[in-house]
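See below for the structure under consideration.
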Amino acid sequence: MTTEAGSPQGRDDPLAREIDLWEGSLASNEPHSLVDLINRVLDKGVVITGDVTISVAGVDLVYLGLSAVLTSVSTVRRRALAPAGDGVAEQAKPDSEVE
Amino acid sequence: MITLFCIRRAGEASPPPGLSVPEGGPVRLIEAGELGAWVCDGELPRHLDEVRAHDAVVRAALRSSTPLPVRFGTTFADEEALRRSLQERREELLAGLRRVEGKVEMGIRVEWLERDPRGERPDRSTEATGGRQYLEARRRELMAAEERRLRAVALLEAVERRIGVDAAESLQRPLPAPGVAGVMAHLVQRQGVAHYRARVEEVRSDFPEVTLHVTGPWAPYSFV
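So the sequences go chain by chain: A and B. Take 1365 as the starting number for the first sequence in the working numbering and just add one per residue. Take 11 as the starting number for the second sequence in the working numbering and just add one per residue.
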């Protein structure tokens, strides 16, 4: 059976409420939420060796991987407050929380 | 080129209509045997907006059942290349899905309230006076750093013990950054998130030297 991803177990699903709450927190750009997000999305998760190519400003950084082109936490915080459109990968600093 | 967001079992919920990524278009399902992949066409720019969008797609999947989140920036030349890759790692991916089934990841970020000397330049104005003073100062620095590390490890363990939550699994990382005693990730039952959060609230006052920031529910990024 296929259900719609948005409403799996009806409106009373406690997890759905928790996720709604969490999305509100992410939307408010709290620095610790954002740092945790970056650390997970860029540094964790399943790594599938497909045709992974990390390209920054036209330069392919295949071996270096994402963590090497990551911005510093302080830059992320700054950018969280800046208008959308700036890249996180524009500055690489060694003090990134991601290793 | 297609971009991969997360992996689930075939036959599970498809991306909800209207779920799309800026610069990537609609999110759609590709099935490969027992596995299903949420993808979009093209390659996403490496920007913070797209990092957020990636997580939002994974979270949309998490709402119906727990997926394996894929690291940001994973792309394939075409559907065939993706299917081949999934088939090659079929056993491993199915085992991963079994491991996280019915669970979500929660995080706690433990931040010191006091000033953190890490990251600050020590005062070495006297170091020119000789190698011996320098070495002694250096030794004191290293001892202080080790003391701080041990303190952080003990603190994380104490927090976890006090929360006493029925976390199927946990990961601790002490001192990830200046000002931070540590980050923890817990694999929690999907229905246990409110209880987890309540437990953290209850133990908060037991640790006046730090602030506990709870994050999540996440897809199990740290456990795949």
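We treat Cβ as the ideally placed atom computed from N, Cα and C, and that holds for glycine.
Backbone secondary structure at A/Asp1384 - three-state DSSP: In the first sequence, residue 1384 of chain A corresponds to position 20, counting from 1. DSSP places A/Asp1384 in helix when its eight states are reduced to three.
Which one or two residues does DSSP pair with B/Ile12 in a beta bridge? Taking the first residue of the second sequence as 1, we reach residue 12 of chain B at position 2. Paired residue(s): B/Asp51, B/Phe86.
Are the CB atoms of B/Leu197 and B/Pro230 nearer to each other than 8 Å? For the purposes of this step, residue 197 of chain B is taken as residue 187 along the second sequence, with counting starting at 1. For the purposes of this step, residue 230 of chain B is taken as residue 220 along the second sequence, with counting starting at 1. Cβ atoms of B/Leu197 and B/Pro230: closer than 8 Å.
Quick one: is A/Val1411 buried, meaning 16 or more other Cβ sit within 10 Å of its Cβ, or exposed? Residue numbering aside, residue 1411 of chain A sits at position 47 when the first sequence is read from its first letter. So A/Val1411 counts as exposed.
Under 7 Å Cβ-Cβ, which residues of chain A neighbour B/Pro184? Taking the first residue of the second sequence as 1, we reach residue 184 of chain B at position 174. Listed along the chain, the chain A residues whose CB falls inside 7 Å of the CB of B/Pro184 amount to none; the nearest CB is some 13 Å away.
Got a sec, what are the start and stop residues for the beta strand (DSSP E) B/Gly192 sits in? Translated into the one-based positions of the second sequence, residue 192 of chain B becomes position 182. Its beta strand (DSSP E) spans residues 190-199.
Is there a Cβ of chain B sitting closer than 8 Å to that of A/Leu1401, yes or no? Counting from 1 along the first sequence, the entry for residue 1401 of chain A is found at position 37. Taking 8 Å as the CB threshold, A/Leu1401 lines the interface with chain B.
What is the DSSP secondary structure of B/Leu181, counted as helix, strand or coil? Taking the second sequence and counting its residues from 1, the one referred to as residue 181 of chain B is at position 171. In the three-state reduction of the DSSP assignment, B/Leu181 falls in the strand class.
By the criterion of Cβ-Cβ separation under 7 Å, what are the contact partners of A/Gly1388 in chain B? Along the first sequence, one-based indexing puts residue 1388 of chain A at 24. The premise fails here: A/Gly1388 is roughly 12 Å from chain B at the closest Cβ pair, so nothing lies under 7 Å.
Can you pull the chain A neighbours of B/Gly226, defined as C-beta to C-beta under 7 Å? By one-based count along the second sequence, residue 226 of chain B stands at place 216. Going along chain A in sequence order, the residues near B/Gly226 (Cβ under 7 Å) are Trp1386.
Could you say if the stretch 85-103 of chain B and the stretch 47-56 of chain B meet the contact criterion of at least three C-beta pairs nearer than 8 Å? Yes, they touch.
Around the C-beta of B/Met153, are 16 or more other C-beta atoms found within 10 angstroms, so that it is buried, or is it exposed? Working through the second sequence from its first residue, we reach residue 153 of chain B at position 143. Counting Cβ neighbours within 10 Å, B/Met153 comes out exposed, since fewer than 16 surround it.
Taking 8 Å as the CB-CB limit, is A/Ser1397 close to chain B? Indexing the first sequence from 1 puts residue 1397 of chain A at position 33. By this cut-off, A/Ser1397 is an interface position.
Hey, is the stretch 160-171 of chain B in contact with the stretch 184-202 of chain B, meaning 3+ C-beta pairs nearer than 8 Å? yes
List the residues of chain A whose Cβ lies closer than 8 Å to the Cβ of B/Phe217, in chain order. By 1-based counting over the second sequence, the position of residue 217 of chain B is 207. By Cβ distance, chain A contributes nothing, its closest Cβ being about 16 Å from B/Phe217, past 8 Å.
Quick check on DSSP: helix, strand or coil for B/Glu121? Within the second sequence, numbered from 1, the residue matching residue 121 of chain B stands at position 111. B/Glu121: strand per DSSP, three-state reduction.
Looking at the unbroken alpha helix (DSSP H) that takes in B/His223, where does it start and where does it end? Residue 223 of chain B sits at position 213 when you count from the first residue of the second sequence. B/His223 -> not in any alpha helix (DSSP H); beta strand (DSSP E) instead, spanning 220-228.
8 Å Cβ cutoff, B/Ser180 in contact with chain A: Here residue 180 of chain B is taken as the residue at index 170 of the second sequence, counted from 1. Not flagged as an interface residue toward chain A: B/Ser180, since no C-beta distance is shorter than 8 Å.
Please identify the residue among B/Thr76, B/Val61, B/Leu54, B/Pro55 whose C-alpha is closest to the C-alpha of B/Ala23. Taking the first residue of the second sequence as position 1, residue 23 of chain B is located at position 13. Checking every option, the nearest Cα to that of B/Ala23 belongs to B/Thr76.
Beta-carbon within less than 8 Å of B/Glu44's beta-carbon, same chain only, minus the 5 sequence neighbours each way: which residues are those? For the purposes of this step, residue 44 of chain B is identified with residue 34 of the second sequence, where counting begins at 1. Contacts found: Arg19, Ala20, Arg100, Leu104.
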